[in-house]
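Numbering (this note's numbering), first residue to last: -9 to 289.
A virtual CB, placed ideally from N, CA and C, is assigned to each residue, including glycine.
Please read these numbers as outputs of a predicted model, since none were measured by experiment.
I have placed the structure first, in the form of structure tokens, so that the comments after it can refer back to it.
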Amino acid sequence: MIQVRPLGALTTGIALVMVTCFLFATLDSLSKNLMLTMAAVQVLWGRYVVQTAAMTSYLTASSGMRFLRTRHPFLQIARGLAQATSNGLVYISLAHIPVGDVTAILYGSPIIVTVLSVIFLNERIGVHRVAAVIAGFIGVYLIIQPGSGETNFYHLLMLGAAFSNATYMLLTRRLAGPEEAAATQFNTTAVGLVIFTGIVLYDGALPPVDAMPLLLVVGLTGAAGHFCMVKALSYVPASMLSPYLYAQVMIAALYSVFWFGDALRPSMVLGTALLIASGIYIWWRERTAPTVALQATQR
-9 MIQVRPLGAL
1 TTGIALVMVT
11 CFLFATLDSL
21 SKNLMLTMAA
31 VQVLWGRYVV
41 QTAAMTSYLT
51 ASSGMRFLRT
61 RHPFLQIARG
71 LAQATSNGLV
81 YISLAHIPVG
91 DVTAILYGSP
101 IIVTVLSVIF
111 LNERIGVHRV
121 AAVIAGFIGV
131 YLIIQPGSGE
141 TNFYHLLMLG
151 AAFSNATYML
161 LTRRLAGPEE
171 AAATQFNTTA
181 VGLVIFTGIV
191 LYDGALPPVD
201 AMPLLLVVGL
211 TGAAGHFCMV
221 KALSYVPASM
231 LSPYLYAQVM
241 IAALYSVFWF
251 GDALRPSMVL
261 GTALLIASGI
271 YIWWRERTAP
281 TVALQATQR
């Protein structure tokens, strides 16, 4: 039986997803701007401090201390490591290449998940999804343009970020059933905070005091993005929201042009279009399964 959602709930859910896309694109652009004068790890550390504090306060108020309990601590740590690795590579790359390129390549993660699911989970995919995966990788190739003057090391580094993000998404699938969502959200953020706190203390590179207000804005923007996504899922199932998340790629491209003055290369536009089309097609073929495109935004 097809479940019909009230129009008001659907509209609210979609609106919240669009706000989420705007907030995460803004988060990346603010972070890129901060990295003109600060190291990537300093910006990441500030973001994780604020985001963890905000999330802990919200989860404590909404569910007590249940979020501290987990049945799979090692999987939670692995998921946190995968996300922290992805975010670290993203921030290093953001300092050197356009935010539109970074976002587009990262949204190749659902396509990588499809490939990894075949290799490691023995999932079977048909010819249609194989074609979508090939189209997606052609899109990534067009964005990166290996061998051209437009390509540099940081475009290739973003491939590592996409693979790390795909690993994070597979672990999210694994934890979706046995763990409460609150525990998974908290543990992932807490692991990242521990990692980046250790790096900052080891390097003796705490952010300057006068940068704290801007880091607070970055952290609150990230926390607000996660909150909007959680609220969106309370109105509409993840399987219905996934296609709208690709709006973040387009918003990031607009930031690249109008904030940072980057040129939109024709190959980047075509590659991004292929990535979005293949990602939405894979979602459509897998829409009864846990949605992977949705998890690409959980940063």
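{"query": "Compute the Euclidean distance between the alpha carbons of A68 and L161, then round it to the nearest angstrom.", "result": "8 Å"}
{"query": "With DSSP as the reference, label W35 as helix, strand or coil.", "result": "helix"}
{"query": "Around the C-beta of V282, are 16 or more other C-beta atoms found within 10 angstroms, so that it is buried, or is it exposed?", "result": "The pLDDT assigned to V282 is 49, lower than 50, so where the model puts this residue is not dependable; a value taken from the coordinates is nonetheless given after this. So V282 counts as buried."}
{"query": "To the nearest angstrom, report how far apart G182 and R163 are at their CA atoms.", "result": "19 Å"}
{"query": "What's the C-alpha gap between L106 and G98?", "result": "13 Å"}
{"query": "Please work out which residues of its chain come closer than 7 Å, Cβ to Cβ, to G212, disregarding the five sequence neighbours upstream and downstream, and give them in chain order.", "result": "L17, R37 and Q41"}
{"query": "Please determine, among L6, P256, A171 and G(-2), the residue with the shortest C-alpha to C-alpha distance to K221.", "result": "L6"}
{"query": "Taking the alpha helix (DSSP H) that W274 belongs to, which residues open and close that run?", "result": "P256 to R275"}
{"query": "Quick one, which of L231, L165 and D252 has its alpha-carbon nearest M8's?", "result": "L231"}
{"query": "For I95 and L210, what's the separation of their Cα atoms in angstroms?", "result": "25 Å"}
{"query": "Classify L111 as helix, strand or coil using the three-state DSSP reduction.", "result": "coil"}
{"query": "Could you round the C-beta distance between I101 and G269 to whole angstroms and report it? I think they count as a contact, below 8 Å.", "result": "6 Å"}
{"query": "Can you name, in chain order, every residue of its own chain whose Cβ lies under 7 Å from the Cβ of T10, other than the five neighbours on each side?", "result": "G215, C218, M219, A222 and T287"}
{"query": "With distances taken Cα to Cα, identify the nearest neighbour of A166 among N23, L65, S19 and T50.", "result": "L65"}
{"query": "Output the distance between the C-alpha atoms of L58 and Q175, rounded to the nearest integer angstrom.", "result": "10 Å"}
{"query": "Per DSSP, what kind of secondary structure is G98 in: helix, strand or coil?", "result": "coil"}
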